[in-house]
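Have a look at the structure below, then the notes.
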Amino acid sequence: KAGVTQTPRYLIKTRGQQVTLSCSPISGHRSVSWYQQTPGQGLQFLFEYFSETQRNKGNFPGRFSGRQFSNSRSEMNVSTLELGDSALYLCASSLVLGGTGYEQYFGPGTRLTVT
Amino acid sequence: GNSVTQMEGPVTLSEEAFLTINCTYTATGYPSLFWYVQYPGEGLQLLLKATKADDKGSNKGFEATYRKETTSFHLEKGSVQVSDSAVYFCALSNSNSGYALNFGKGTSLLVTP
């Protein structure tokens, strides 16, 4: 099976702009989660989508949003970019572990640099 | 709430040395525990997991045992290789947080020939 794919791999944006990142999960996986990785804060959960509905959300401002399509592909959007949004954004595709949680498989990430 | 604490790195070892990376957690109920590895310039790869107390996860020579009494999930490998150089993350997921992963800060491992 193909793994999780994320596009683009690298982005450079200017403060105040907006950006959209894309994620295609592993075939058959219906849950997609997004994480932000920075040197200072480490890995932080942004949100999770399942069957086109946001099911869980981390502690990020409303400038961060997402959506999921009927084919399970997901996008996340960041509006009014700030320098602190520079990070590696990771998408994870989830396999349910029979009621004990998920097994999450990560894509290679999108490296966003805000100047 | 849920949290994970890992030993600070970087850890530098010679090839064939024994590796231990400590991980302890705080959580209510019965979380699932994971180790992920991140190679330079890449995303996270699931290394191993354990979903209940006393489970042992293992993969590629790495092992970790879910110890509820000590709330720990230490990663071990008997003989490391240069190719094991990477950053290792301990993580938990719990039903009370919608199964979102809570990560430790990561431990950087450098194995020298």
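Chains as they are written, first to last, in our numbering: chain F, -8 to 106; chain W, 1082 to 1194. Heads up, the beta-carbon is just placed ideally off N, CA and C, and yes, glycines get one too.
**OP:** Would you mind stating whether G1187 (chain W) and F1170 (chain W) have Cβ atoms separated by less than 8 Å?
**Re:** The Cβ atoms of G1187 (chain W) and F1170 (chain W) lie closer than 8 Å to each other.
Original post:
When we look at the beta-carbon of E39 (chain F) and count the other beta-carbons within 10 Å, is it buried (16 or more) or exposed?
Top reply: buried
Subject >> Continuous beta strand (DSSP E) stretch holding R102 (chain F): start and end >> reply: T101 to V105
Original post:
Roughly how many angstroms lie between the CA atoms of D1165 (chain W) and L1190 (chain W), to the nearest whole one?
Top reply: 8 Å
Subject >> Inter-stretch contact (C-beta, 8 Å, three-pair minimum) for the region 1084 to 1099 of chain W and the region 40 to 56 of chain F >> reply: They do not touch, by the three-pair rule.
Subject >> Assigned secondary structure, N68 (chain F) (DSSP; H/G/I helix, E/B strand, else coil) >> reply: strand
Original post:
Can the beta-carbon of S13 (chain F) be found less than 8 Å from the beta-carbon of Q27 (chain F)?
Top reply: no
Subject >> For I1102 (chain W), the first and last residue of its enclosing beta strand (DSSP E) >> reply: L1100 to I1102
Subject >> Bounding residues of the beta strand (DSSP E) (the contiguous stretch that carries K1149 (chain W)) >> reply: No beta strand (DSSP E) contains K1149 (chain W), which DSSP labels as neither H nor E.
Original post:
Would you say G1082 (chain W) reaches chain F, if we count a Cβ-Cβ gap shorter than 8 Å as a contact?
Top reply: no
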